[in-house]
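For reference, the structure is listed below as structure tokens.
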Amino acid sequence: MKLVPRILLLGVVLPLAGLICATAIAGTLFRRSLAEDVDRRLLAQAAVESVSLFDGPGGRPHVHMPQSVLASEVAAFAPQTVLVDPGGNVIVRVPEHVDPGVVRRADVAAHPRLESPDARTRALTLGVERPGEGIYTLRLVASLEPVEATMRSFWRAVVGTVAGITLLLAAVLYRQASTLARRVKELIGYVGVLRRSEAPREAPAEGADELAALGVALADAARFLHEQGLAHERFVANAAHQLRTPLAVLRMEIDLALRRPRESAQLREALEMARAETERLTLLARTLLDFESLRSHPLDPQDVDVRSLVREVLERHATAAATRGITLAEDGDASVTACCDAMLLAQALENLVDNAIRFAPAGSVVDVCARANGGLCSLAVHDDGPGIPPEERARVFEPFHRGSTPGSQTGLGLAFVADVARKHGGEASLVPCARGTTVGLRFPMAPERS
Numbered sequence: 002m003k004l005v006p007r008i009l010l011l012g013v014v015l016p017l018a019g020l021i022c023a024t025a026i027a028g029t030l031f032r033r034s035l036a037e038d039v040d041r042r043l044l045a046q047a048a049v050e051s052v053s054l055f056d057g058p059g060g061r062p063h064v065h066m067p068q069s070v071l072a073s074e075v076a077a078f079a080p081q082t083v084l085v086d087p088g089g090n091v092i093v094r095v096p097e098h099v100d101p102g103v104v105r106r107a108d109v110a111a112h113p114r115l116e117s118p119d120a121r122t123r124a125l126t127l128g129v130e131r132p133g134e135g136i137y138t139l140r141l142v143a144s145l146e147p148v149e150a151t152m153r154s155f156w157r158a159v160v161g162t163v164a165g166i167t168l169l170l171a172a173v174l175y176r177q178a179s180t181l182a183r184r185v186k187e188l189i190g191y192v193g194v195l196r197r198s199e200a201p202r203e204a205p206a207e208g209a210d211e212l213a214a215l216g217v218a219l220a221d222a223a224r225f226l227h228e229q230g231l232a233h234e235r236f237v238a239n240a241a242h243q244l245r246t247p248l249a250v251l252r253m254e255i256d257l258a259l260r261r262p263r264e265s266a267q268l269r270e271a272l273e274m275a276r277a278e279t280e281r282l283t284l285l286a287r288t289l290l291d292f293e294s295l296r297s298h299p300l301d302p303q304d305v306d307v308r309s310l311v312r313e314v315l316e317r318h319a320t321a322a323a324t325r326g327i328t329l330a331e332d333g334d335a336s337v338t339a340c341c342d343a344m345l346l347a348q349a350l351e352n353l354v355d356n357a358i359r360f361a362p363a364g365s366v367v368d369v370c371a372r373a374n375g376g377l378c379s380l381a382v383h384d385d386g387p388g389i390p391p392e393e394r395a396r397v398f399e400p401f402h403r404g405s406t407p408g409s410q411t412g413l414g415l416a417f418v419a420d421v422a423r424k425h426g427g428e429a430s431l432v433p434c435a436r437g438t439t440v441g442l443r444f445p446m447a448p449e450r451s
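Numbering (the working numbering), first residue to last: 2 to 451.
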């Protein structure tokens, strides 16, 4: 069932059915109350008449209703009265034109009998004993027309009110349901943008409810997927370009070597160039594979002694640093423990330390500092190399961005460091320093709980 019919069914039809049932029950109880009130009025009237039935002049039986100064005022709803003597003769009729009909004589004094001669009247029969004469029968008959008139007014008012409320409720719910259905269709249509990774457009965000929040979330997801798609396209294009250059050089050197006879010195030079390009191609392929495999590596956060991790990384690079005449040093807080992925963090440090050793001048110091501050773990690697030109600082963490400084390689090392920081909920950045280069990464010491 679609949204609009479902809302109308649940919001109008079912409540209306319940309201009709409740109204029917209320109407039945109300009519019963009105009928019981008629019985009470008959009993009250019979009680008054029976007490003073024989107090007229000469002890003649009579009823008091016609003698009341309000007789004309209550004539419309006052009960009809018939008094029958012990011999069965009708001696009083109020009003005079009333048809007494068949009155069953009361055999027992002061024993009222309530009954309904027909659907339009209610009758009370009462025996009143007069010593020495026998039992007189007093019969009071009340019309139920006032009850029925009241019930007709009740039902007209109830039906009109229920109909008005139902129409108003149906109109409001239909409008709301139509609006919700339209907004849901817009959100469903927006899913196609996510599926195709298109450039994000303005998301449906009407109002300030859950659907608006969903629209904002879809827009954010579309923006993220679009950016990831563009990054993937750039990555593939850059990778193809980086691989194409050494392959072209290799092909050219091999073609030249095969095209005409060459001296051994020329062949050796061509082979050395081919070997250099092969090494470059191998490094690039290995770096690409490592970069993608480590980026897709699922995060495995564990409590890690960051200072111990730093020492392990520096020990692995001690030989390469000593060969270049560079000293490795660690600094920072005495103890830094963070919940992180040890393998990814170690690889990020490997890239930073390797870059620092490559650019640092002989006789200088590469310093690695680890600190804990305000719930964040901060790592910084500093070298005294030539530094990064200001115009290149904004792009150093982009994949395949190779700086102009001699010694730059694939352009993936710092991109991987930035990706590791993001996976841990942090960021990588260039830290301002007086000379050289300082690259830092920060991330929460404990992962965020979802």
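Every residue gets a Cβ at the ideal spot worked out from N, C-alpha and C, and that includes glycine.
Buried versus exposed call for residue i [16 or more other C-beta atoms within 10 Å across all chains shown]
i, result
"Cys341", "buried"
"Ile136", "buried"
"Leu141", "buried"
"Thr162", "exposed"
"Gln177", "exposed"
"Gln267", "exposed"
"Gln68", "exposed"
"Val13", "buried"
"Val75", "exposed"
"His98", "exposed"
"Ser451", "Any reading at Ser451 must be qualified, since the residue scores a pLDDT of 41, below 50, and its modelled position is unreliable; the value itself is stated next. Looking at its Cβ environment, which holds fewer than 16 other Cβ atoms inside 10 Å, Ser451 is exposed."
"Ile327", "buried"
"Asp368", "buried"
"Ile358", "buried"
"Phe225", "exposed"
"Ala322", "buried"
"Leu168", "exposed"
"Asp384", "buried"
"Arg184", "buried"
"Glu278", "buried"
"Gly408", "Residue confidence for Gly408 is low, a pLDDT of 47 falling below 50, so the modelled location carries little weight; the figure read from the coordinates is stated next. The residue is exposed, with fewer than 16 neighbouring Cβ atoms inside 10 Å."
"Asp420", "buried"
"Thr500", "The structure shown does not extend to residue 500, since the chain spans only 2 to 451, so no value can be given for it."
CA nearest to the CA of residue i, picked from the options
i, options, result
"Asp334", "Leu170, Cys378, Asp40, Pro302", "Cys378"
"Leu415", "Arg7, Gly437, Arg394, Val194", "Arg394"
"Lys424", "Ala435, Pro433, Val440, Met446", "Met446"
"Gly88", "Ala223, Ile26, Val14, Glu134", "Glu134"
"Ala339", "Arg359, Asp304, Gly326", "Asp304"
"Arg443", "Gly437, Arg436, Cys434, Ser430", "Ser430"
"Gly190", "Ala171, Thr167, Thr320, Gly216", "Gly216"
"Ala79", "His112, Pro118, Leu43", "Leu43"
"Leu300", "Ala258, Arg276, Leu345, Thr24", "Leu345"
"Ala437", "Ala422, Ala361, Thr167", "The amino acid at residue 437 is misidentified as Ala; the sequence shows Gly. Minimum Cα distance to Gly437 is reached at Ala361."
"Leu152", "Thr29, Asn352, Asp385, Pro390", "Here residue 152 turns out to be Met, not Leu, going by the sequence shown. It is Thr29."
"Asn485", "Val64, Val311, Leu145", "A query on residue 485 cannot be resolved here, the shown segment of the chain reaching from 2 to 451 and no further."
"Gly426", "Pro433, Val432, Val418", "Val418"
"Asp332", "Ala373, Arg94, Leu84, Ala25", "Ala373"
"Ala47", "Thr138, Val159, Thr324, Leu380", "Thr138"
"Met274", "Met253, Glu187, Gln348, Leu4", "Met253"
"Pro387", "Ser309, Ser365, Asp40", "Ser365"
"Arg276", "Leu248, Ala27, Ser265", "Leu248"
"Tyr175", "Ile8, Arg196, Asp256", "Ile8"
Start-to-end residues for the alpha helix (DSSP H) that takes in residue i
i, result
"Asn374", "Unbroken run through Asn374 is the beta strand (DSSP E), 366–374; no alpha helix (DSSP H)."
"Ile8", "4–9"
"Val418", "414–424"
"Ala319", "319–324"
Cross-strand partners of residue i (DSSP beta bridge)
i, result
"Pro445", "Leu377"
"Arg140", "Val83, Thr126"
"Gly135", "Arg131"
"Ser430", "Gly441"
"Leu115", "Leu125"
"Arg94", "Val83"
"His63", "Beta-bridge pairing links His63 to no other residue."
"His383", "Asp368, Thr439"
Chain B within 8 Å of residue i, Cβ atoms only
i, result
"Thr279", "Absent from the structure: chain B. Only one protein chain is present."
Endpoints, the beta strand (DSSP E) within which residue i is located
i, result
"Gly165", "Element bounds for Gly165: not the beta strand (DSSP E) but the alpha helix (DSSP H), 146–197."
"Gly333", "328–333"
"Gly52", "Note that residue 52 is Val in the sequence shown, not Gly. Segment 15–52 is the alpha helix (DSSP H) holding Val52; no beta strand (DSSP E) there."
"Gln303", "303–306"
"Ala339", "338–341"
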